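Chemist:
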Amino acid sequence: MATGARGNRVVLSPVQSDGAGSVFTRISLAINRVQFRAIVTATLIAASFLPVPLLAQATRSPVAPRRELVESVVREAYAHFRSDTSGKNADYIPYLAQVDTKLFGIAIVTTDNQVLTLGDADYAFSIQSISKVFTLALAMEELGPDKVFQRIGSEPTGRAFNSVTAVVDMPTHTGNPLVNAGAIATTSLISGKDANEKWNKILAFYGKVAGEKLTLIEDVYKSEAATNTGNKALAMLLAKYERIYADPFESVDIYTKQCSVGVNATQLARMGATLANNGVNPATGEQVIKREDIPYILATMTMAGLYDSSGGWAWHVGLPAKSGVGGGIVAVAPGKGAIAVFAPPLDEAGNSVKAQKVIEYVAIKLHFNLFSPGSVGLE
Ligand code: DON
Numbered sequence: 000m001a002t003g004a005r006g007n008r009v010v011l012s013p014v015q016s017d018g019a020g021s022v023f024t025r026i027s028l029a030i031n032r033v034q035f036r037a038i039v040t041a042t043l044i045a046a047s048f049l050p051v052p053l054l055a056q057a058t059r060s061p062v063a064p065r066r067e068l069v070e071s072v073v074r075e076a077y078a079h080f081r082s083d084t085s086g087k088n089a090d091y092i093p094y095l096a097q098v099d100t101k102l103f104g105i106a107i108v109t110t111d112n113q114v115l116t117l118g119d120a121d122y123a124f125s126i127q128s129i130s131k132v133f134t135l136a137l138a139m140e141e142l143g144p145d146k147v148f149q150r151i152g153s154e155p156t157g158r159a160f161n162s163v164t165a166v167v168d169m170p171t172h173t174g175n176p177l178v179n180a181g182a183i184a185t186t187s188l189i190s191g192k193d194a195n196e197k198w199n200k201i202l203a204f205y206g207k208v209a210g211e212k213l214t215l216i217e218d219v220y221k222s223e224a225a226t227n228t229g230n231k232a233l234a235m236l237l238a239k240y241e242r243i244y245a246d247p248f249e250s251v252d253i254y255t256k257q258c259s260v261g262v263n264a265t266q267l268a269r270m271g272a273t274l275a276n277n278g279v280n281p282a283t284g285e286q287v288i289k290r291e292d293i294p295y296i297l298a299t300m301t302m303a304g305l306y307d308s309s310g311g312w313a314w315h316v317g318l319p320a321k322s323g324v325g326g327g328i329v330a331v332a333p334g335k336g337a338i339a340v341f342a343p344p345l346d347e348a349g350n351s352v353k354a355q356k357v358i359e360y361v362a363i364k365l366h367f368n369l370f371s372p373g374s375v376g377l378e
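Each residue of the sequence shown is one higher than the one before, starting from 0 at the first, in numbering that gives the first Met the number 0.
Here it is in structure tokens:
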């Protein structure tokens, strides 16, 4: 059964025929036609008042009918790319150069909270730039999307994630919330009486999106804090253009901490699945991101999630995604779920090579490409 097309059918045929007639037929034998109609009408009216997420949760199970297919596709992808040695660990943050290049984990979490994992899916790596997505979500929780749009913008830069020239050249200077300059400015929007309160708020928010408490990887933070002169320069440049909204160095420090948060592939996939599920964490059921903010977040990820290779990614894969120089990438299939892959070696743009290949493979085989009508079951 095609995903996306099954919701209504499940609602309308709750019990299969067992030879003695369907539930509806058996009920109608016991009561007259008018009473039967009244009961059906009352039930439908009552159902229409159910909160939408509840109905959606009950009727949408993107993987269940095809769990075996999904499992076999993920296994194929793992076997296919396991021994791919292309790419190189990030080394401008010294800690990252030391991470085992062979680590390789895949996790899928669906909007109905099914979890598939393979390989090193429990290994905690630094979230790095993927954090930018969730600080953006928190900034929108606090300020609303319009203010965030005005203060940061959402134009792709077409440049490297840490580009100085983009800050100078772009009319908004900040570019978008997913490049370093825009992300540091987004972090500066988070309210709090001091740096500690702001940081703790960010960390707690990430934990709610992941469905479990997350922690800072101290060694990553120390390594990055000792070498982040480029980000400090970006923050000072933003100050010149009045496009940073708190103390520039304080904002860089909080940003450096948010990049050093540890996640494993399973937690990251759950964070993505929360975006796929209209902001409701599929494991805890909590609405942690406002439903109306989700399209802004996913649009931004589509345009800038893989930096200057976002266009190629949209062309080949067609899913909103976000990468981090720690080696993680999470891609979101709205309404269905998310896939997270961790493998440290990166390409020139700073995106995990194996993670891109695995996600592309899985997305094609499972018809996830958002720009294809096949993604909603129209073959
Ligand atoms: O600020 C930095 O350079 C890193 N903390 C994050 C960059 C990053 O992850 C870019 N990702 N692909």
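Cβ atoms here follow ideal geometry from the backbone N, Cα and C, with glycine treated the same way.
This structure is a prediction, so every number in the text was calculated from the model and none was measured.
Tell me, to the nearest whole angstrom, how far the beta carbon of D246 is from that of G86; I am working on the premise that it is less than 8 angstroms.
Modeler: In fact, because the Cβ distance is near 36 angstroms, the residues do not count as touching under 8 angstroms.
Chemist: Is it true that the CB of L233 sits closer than 7 angstroms to the CB of A180?
Modeler: Yes, the pair counts as a contact, with Cβ atoms nearer than the cut-off.
Chemist: Just to confirm the assignment: which complete alpha helix (DSSP H) runs, minimum length 4, are found wholly within the region 219 to 261?
Modeler: Runs of the alpha helix (DSSP H) inside the region 219 to 261: 228 to 239, 247 to 258.
Chemist: Taking just the CA atoms, how far does R65 sit from I358?
Modeler: Whole-angstrom Cα-Cα distance: 18 angstroms.
Chemist: What are the residues that DSSP puts in a beta bridge with T116?
Modeler: DSSP output for T116 lists A106 as bridge partner(s).
Chemist: Return the chain-ordered list of same chain residues with a C-beta closer than 8 angstroms to the C-beta of N112, the five sequence neighbours on each side being excluded.
Modeler: Excluding positions up to five away in sequence, the list reads A272, P281, A282.
Chemist: Using a threshold of 7 angstroms, state whether the C-beta atoms of A337 and V108 are closer than that.
Modeler: Closer than 7 angstroms, so yes.
Chemist: Exposed or buried, what is R290 when buried is set at 16 or more other beta-carbons lying within 10 Å of its beta-carbon?
Modeler: Answer is exposed; the Cβ neighbour count stays below 16.
Chemist: Under 8 angstroms: do the region 163 to 177 and the region 96 to 106 share three or more Cβ pairs, one atom per stretch?
Modeler: Short answer: they don't touch.
Chemist: Beta carbon of A209, beta carbon of M270: below 7 angstroms?
Modeler: A contact, by the Cβ cut-off of 7 angstroms.
Chemist: Give a yes or no on whether the C-beta atoms belonging to I328 and S309 are separated by under 7 angstroms.
Modeler: Cβ distance not < 7 angstroms, so I328 and S309 don't count as in contact.
Chemist: Is Q127 near ligand 1 - that is, is its Cβ less than 6 angstroms away from at least one heavy atom of it?
Modeler: Checking every heavy atom of ligand 1 against the Cβ of Q127, one is found closer than 6 angstroms.
Chemist: Given a cut-off of 7 angstroms on the beta-carbon distance, is the pair T185 and A138 in contact?
Modeler: It is a contact, given that the beta carbons lie within the stated cut-off.
Chemist: Quick one: what does DSSP say V73 is sitting in, helix, strand or coil?
Modeler: In the structure shown, V73 sits in a helix (DSSP, three-state: H, G or I).
Chemist: What is the DSSP secondary structure of L177, counted as helix, strand or coil?
Modeler: Coil.
Chemist: Closest to F124 by CA distance: which of S259, I92, F148, P344 is it?
Modeler: The candidate whose alpha carbon is nearest that of F124 is S259.
Chemist: Go through its chain and collect everything with a Cβ distance to L365's Cβ below 7 angstroms, but skip five positions before and after it.
Modeler: V69, V72, listed in sequence order.
Chemist: Taking a contact to mean a Cβ-Cβ separation below 7 angstroms, would you say D307 touches A354 in this structure?
Modeler: Their beta carbons are not under 7 angstroms apart, which means D307 does not touch A354 by this criterion.
Chemist: Could you check whether the region 233 to 242 touches the region 188 to 195, counting it as contact only if at least three pairs of C-beta atoms, one from each stretch, sit closer than 8 angstroms?
Modeler: These segments do not touch.
Chemist: Note the first and the last residue of the continuous alpha helix (DSSP H) segment covering F204.
Modeler: That run of the alpha helix (DSSP H) goes 194 to 209.
Chemist: Can you determine whether any heavy atom of ligand 1 sits closer than 6 angstroms to the C-beta of F160, and answer yes or no?
Modeler: At least one heavy atom of ligand 1 is nearer than 6 angstroms to the Cβ of F160, so yes.
Chemist: If you follow the beta strand (DSSP E) that S322 is in, where does it begin and where does it stop?
Modeler: Start and end: 320 to 322.
Chemist: Whole angstroms are fine: how far does the CA of G284 sit from the CA of V324?
Modeler: Computed Cα separation, rounded: 30 angstroms.
Chemist: With DSSP as the reference, label F148 as helix, strand or coil.
Modeler: Reduced to three states, the DSSP call for F148 is helix.
Chemist: How long is the line joining the alpha carbons of P382 and T301, rounded to whole angstroms?
Modeler: Examination of residue 382 is not possible in this model, given that the chain is present from 0 through 378 alone.
Chemist: Consider the C-beta atom of G323 and the heavy atoms of ligand 1; say whether any pair is separated by less than 6 angstroms.
Modeler: The answer is yes for G323.
Chemist: In the DSSP assignment, what residue or residues form a beta bridge with F341?
Modeler: DSSP, once it has assigned bridges, lists G104, G327 as partnering F341.
Chemist: Label P319 either buried or exposed according to how many other C-beta atoms from any shown protein chain fall within 10 Å of its C-beta, with 16 as the threshold for buried.
Modeler: P319 comes out buried.
Chemist: Return yes when at least one heavy atom of ligand 3 lies under 6 angstroms from the C-beta of N199, else no.
Modeler: In the structure on display, ligand 3 does not appear, and the ligands it does have are ligand 1.
Chemist: Are V340 and I105 closer than 7 angstroms when you measure CB to CB?
Modeler: In this structure, I105 lies closer than 7 angstroms to V340 by Cβ.
Chemist: In this structure, does DSSP put F367 in helix, strand or coil?
Modeler: Reduced to three states, the DSSP call for F367 is coil.
Chemist: Shortest alpha-carbon distance to A159 belongs to which of K239, E241, G229, F370?
Modeler: Selected option, being the one with the closest Cα: G229.
Chemist: Indicate whether the contact test is met: 3 or more Cβ pairs, each with one atom in the region 251 to 267 and one in the region 218 to 228, closer than 8 angstroms.
Modeler: Yes, since at least three Cβ pairs between the region 251 to 267 and the region 218 to 228 fall closer than 8 angstroms, the two stretches touch.
Chemist: Would you decide whether T171 is buried or exposed? Buried here means 16 or more other CB atoms lie within 10 Å of its CB.
Modeler: The residue in question, T171, is buried, as its Cβ has 16 or more Cβ neighbours within 10 Å.
Chemist: Go ahead and pull the three-state DSSP assignment for L215.
Modeler: In this structure, L215 counts as strand in the three-state DSSP scheme.
Chemist: Can you round the beta-carbon distance between Q266 and E217 to whole angstroms, since I take them to be within the 8 angstroms contact cut?
Modeler: Contact doesn't hold; Cβ gap of about 18 angstroms is too wide.
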